[in-house]
Every structure is written in C-alpha cells, then in structure tokens.
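Only one structure is covered here, and it is reproduced in the block below.
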DNA sequence: TCAATATAATTAGCTGGCTAATTATTTGAT
DNA sequence: ATCAAATAATTAGCCAGCTAATTATATTGA
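Residue numbers (UniProt numbering), protein chains in the order written: chain A, 1 to 148; chain B, 1 to 148.
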C-alpha cells in the first residue's frame, strides 16, 4: 500500500514504454522495427557470429520468437544462418557486410537518444537508481522459485 | 558510452519484463491475462464507470487496443458497456457485481508480489530511484517534440 | 552399446500491442 | 443555422512476444 511502491510500479511501466516508442519512431526511417534493430545491434556488439540461443538471450526474447525476426532479416540480406561445424543442430547467425556498415548508424541513433534521456541526471543519484533496480531484479529472480 | 547509461538502459528493459512475467504467472490461475486483469483493476480502483478513453489512458494503451479486451471481458460477464447519456458517441465501462468481488482478490495478488519485490529496499534509495525515473520520463516527453 | 534424455532450431497458434481508416455524433466558426 | 473540424468507439491488418509441440542431433547412463 506504500505510496512509493505504487509510484515505482507505475514508473517502471511507463518509462521503458516511452523509451521504446521514441526509439521505434527514430529508427522507422531506416526501415527497421525495434525488434529487428535489436538483433542487428546485439550481433554488431558481439563482433562474432552467435548461436540463436545466445542471441535470443542477449536480446531478451525466447529463441522461438527470434526465428521470425531472423527470417525477415535474412530475406532482406542483413544476416545469414551458417551451419555450426561442431554441432549440426546449431546455426551461427552472421551479419552481412552491409549490415555491419549499418549497425554503426543504428547504434549512434540509439546512443543519442540514451544521452538525451539520461544526460541531465545526477551521477550519484543514477548510481543509486541502478542499485535499486538491480535489487528489484534479484528479488524477481528469487520470486520465480516457490519457497521449495 | 557511459557505463551507467548502458546499465540503466538494460535494467529498464529487464526489470519490468520480469515483473510482468511473474504477475502473469500468478494471475493465470484466475483465468486472466495481465492485459485483461489491468482493465479490471483500474476500473476497480476508479470506483465508478469510466469512458473507454479514460480507461485506456489509465491502463497505458491506445483506445483501439482496449476494444478487444473489453469484448472478451464483456463476453465473460465481467464488464458492461453503458451508453453515456450526455454524449451518444461515448460508452461508460462498468464492472459487474462478480467482477467487483474478484477485483479485490486480484489486487491482493498484485500487491503481494509488489511487496515481495520492493520490501527489502532502503526507503531513501527507493525515493531517489523514483526521482530519477520521473526525470527520465520527463526527458522522454521533451524528446517527443522536435526542437520546434 | 544403445536407449533415454537433453538440446538447437523450427512451426503453429494464441495474446496483445500498434497505426490507419471508418462511423456516428458533437463542437465550433462563420 | 449550417458546414467543417474534432472526438468516441470501432474495425482491419500488421508486428512481435509467448507456450507447446516437432524434428534432428548430441549426450549420458545402465
């Protein structure tokens, strides 16, 4: 019933939603939805081909959800699926050359927005905010497991 | 490029997602998805019938997105759409009696989870976190309007 | 060894967001 | 008083997440 509890709950609903909407809006001119852009960016940051497993984990979605995004990106020539040599079940997802070029631009747009949203903040207060959010995340991981 | 900026961006992605997933899981036994539960809860909190407009704003979705949810809730006897008397375009959304009963239970589940996730936090640090998140939200509202 | 189990990717089908366009009604400006 | 613009709800169609089930391959244990 605490007022603070209610406030933080509402902010955690609203802030990421607004952030995502802004990013979507700015990336639309490049022809990417936020979902597909995330994939290109994570691959670019990784600097090497990733298994779908790993990529899905970094993007924060289920492997099954990634399949359709990869289909689209592959059809448009942004990624290729490469047989893994050790494990014939697995495929490594590679950025094409043109995708590597582009990912730098996309990253700049995302970082510019990040700066607009965060630059005015007091660094000490931001640190505290990060600490609190990390504690909430840890509590959520605890809560997943019923008390055994 | 700041490390803090990157961290808070990732946490703002992950924390609400984890929270929502937990809530979904706990409300599933009641037969509601999180989307439909939000509607019942906001109506319950309002304490009076709301226009779809107002309800959508409180839930944080577009009025058009609310239509399908209301169709489902109406079909299952949780809400009714009532012609507004002043404005014949508008409808007021009312909870049925059985929905009013239930909304208390749903609220308890949600509040219990909120407590699990937030109770261990330092109140002062939580306040700082709220302040920072509110500043980010304000910056996002600024960012929507191009520099005129 | 080889049968059971686990794992990587996929497919199918559901849920729930969004925007754009439509319909009915109201408001506002001349 | 009337016509143009705004507004409330809706519909249609897209995108993108999820879980459950499927297929192919790897791993493990009796």
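Each residue gets a CB set at the ideal place from its N, CA and C atoms; glycine is no exception. Remember, it's a predicted structure, so these values are computed and weren't measured experimentally.
C-beta contact flag for residue i and residue j at 9 Å
| i | j | result |
| --- | --- | --- |
| residue 55(B) | residue 66(B) | yes |
| residue 61(A) | residue 21(A) | no |
| residue 4(B) | residue 16(A) | no |
| residue 136(B) | residue 121(A) | yes |
| residue 139(B) | residue 116(A) | yes |
| residue 52(B) | residue 63(B) | yes |
| residue 8(B) | residue 39(B) | no |
| residue 143(B) | residue 118(A) | no |
Within chain B, the residues that residue i reaches when beta carbons sit closer than 8 Å
| i | result |
| --- | --- |
| residue 120(A) | 135, 139 |
| residue 127(A) | 4 |
| residue 117(A) | 136, 139, 140, 143 |
| residue 17(A) | 60 |
| residue 113(A) | 143 |
Through-space distance from residue j to residue i, alpha-carbon basis
| i | j | result |
| --- | --- | --- |
| residue 84(B) | residue 100(B) | 21 Å |
| residue 30(B) | residue 71(B) | 18 Å |
| residue 148(A) | residue 2(B) | Interpretation of residue 148(A) is limited by its pLDDT of 35, a score under 50 that renders its predicted location unreliable; the figure taken from the coordinates is listed afterwards. Taking the straight line joining both Cα atoms gives about 40 Å. |
| residue 68(A) | residue 32(A) | 14 Å |
| residue 6(A) | residue 45(B) | 13 Å |
| residue 77(B) | residue 104(B) | 17 Å |
| residue 86(B) | residue 80(A) | 59 Å |
| residue 154(A) | residue 43(A) | Because chain A in this structure spans residues 1 to 148, residue 154(A) falls outside the shown range and cannot be described. |
| residue 88(A) | residue 141(A) | 33 Å |
| residue 37(B) | residue 57(A) | 28 Å |
| residue 50(A) | residue 127(B) | 40 Å |
| residue 82(B) | residue 82(A) | 57 Å |
Beta-carbon neighbours of residue i, restricted to chain A and to distances below 7 Å
| i | result |
| --- | --- |
| residue 63(B) | Neighbours of residue 63(B) on chain A: none; closest Cβ ~16 Å, over 7 Å. |
| residue 130(B) | 4, 7, 8, 11 |
| residue 106(B) | Within chain A, no residue comes near residue 106(B); the closest Cβ sits about 15 Å away, beyond 7 Å. |
Closer than 8 Å: residue i CB and nearest the ligand GDP heavy atom
| i | result |
| --- | --- |
| residue 130(B) | With respect to the ligand GDP, the structure offers nothing, as it holds no ligand at all. |
Buried or exposed by the 16-neighbour rule on C-beta atoms within 10 Å, applied to residue i
| i | result |
| --- | --- |
| residue 97(B) | exposed |
| residue 18(A) | buried |
Contacts of residue i in chain B (Cβ-Cβ under 7 Å)
| i | result |
| --- | --- |
| residue 67(A) | Near residue 67(A) there are no residues of chain B at all, since even the closest Cβ is about 20 Å away, more than 7 Å. |
| residue 14(A) | 60, 137 |
Under 9 Å from the C-beta of residue i: neighbouring residues of chain A
| i | result |
| --- | --- |
| residue 123(B) | 2, 4 |
| residue 22(B) | 140, 143, 144 |
Worksheet item: Do three or more CB pairs link the segment 12-28 of chain B to the segment 3-17 of chain A at distances below 8 Å?
Response: Flag = yes, the segment 12-28 of chain B and the segment 3-17 of chain A touch.
Worksheet item: Any contact of the segment 121-134 of chain B with the segment 73-93 of chain B, i.e. 3+ C-beta pairs under 8 Å?
Response: They do not touch, by the three-pair rule.
Worksheet item: Taking three-plus beta-carbon pairs below 8 Å as touching, is the segment 22-31 of chain A in contact with the segment 100-120 of chain A?
Response: Here the segment 22-31 of chain A makes contact with the segment 100-120 of chain A; the two share three or more CB pairs at distances below 8 Å.
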